[in-house]
Every structure is written in C-alpha cells, then in structure tokens.
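A.B. asks: Numbered according to the UniProt record's numbering, the sequence shown spans residues 1 to 110. First the structure, which I've put down as structure tokens, then a few questions once you've had a look.
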Amino acid sequence: MKRFCLALDLVDDPSLIAEYEAYHQNIWEEIRASILGAGIIDMEIYRIMNRLFMIMETEDDFSFTKKGEMDASNPKVQEWETLMWKYQSALPIAKEGEKWLLMDRIFKLA
C-alpha cells in the first residue's frame, strides 16, 4: 500500500466552503466508483480555514497518470471536476491547470 498527501485551497468564502463540504458528505456514486476503480483504497480530506489536506491510501500499482487518463475519458468525473473548480483555488505555486499538489513528507515517527 502507498500513501499520498496532497494540498489545495478553497475559494475563501464561507458560503462556498459550506457548499463544498455538503457535496463531500454525499459524493456522487460515479465519483466513488472512479476513485475505487483507480486503485485508491481510502481517501480523507481535512480542512483548516480554506486550506484542504487530502490523504490517499492506494494499491501498490496506483498511478496518477493512469488515474488522470481514466478521469479524462469519464464524462461524470469531468462534470464533477468542473463543478468542484467553482469552490477550489489553486495553490500559489501551482502550474496552469494543476489542482491538488503532492506534499513532501518531512517527518515520520516510526
């Protein structure tokens, strides 16, 4: 199993943040199927103010490239991503079109 940690910001508007959280209380079934079908075993998103932190646990052969290709050919995922972009705001260091950015682990206790 692999673990990845990613970060993204939200538009700093309390009503939009509340809407974003509401969508994530009951994600579309097609999105759940897409996540699991890509080899993601578990996913959690945490928020402090408008900063998001995602933890993904994946199968050993998980690939962001493969996930991206699957997402690009899935109209329902594209619809979800377009909708979510209303609420999301790229980190200042993001390149054009980047959303979630991988974080570097700087400490591990054991």
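Beta carbons are placed, not taken as given, at the ideal position from N, Cα and C, and that holds for glycine.
If you run the structure through DSSP and keep just helix, strand and coil, what is D12?
C.D. replies: Here D12 sits in coil by DSSP.
A.B. asks: Considering only C-alpha positions, which residue in the set K66, E98, R105 and E81 is nearest to E30?
C.D. replies: Ranking the options by Cα distance to E30, first place goes to E81.
A.B. asks: Among I17, S63 and W85, which one has its Cα closest to the Cα of I48?
C.D. replies: Of the candidates I17, S63 and W85, the one whose C-alpha sits nearest the C-alpha of I48 is I17.
A.B. asks: Quick one: Cα of S89 to Cα of P14, how far?
C.D. replies: So the two alpha carbons sit approximately 14 Å from each other.
A.B. asks: Which residue's Cα is closest to the Cα of F62: N50, I40 and A72?
C.D. replies: Here the closest residue by C-alpha is I40.
A.B. asks: Can you say whether Y46 is buried or exposed, counting buried as having 16 or more other CB atoms within 10 angstroms of its CB?
C.D. replies: Result: exposed.
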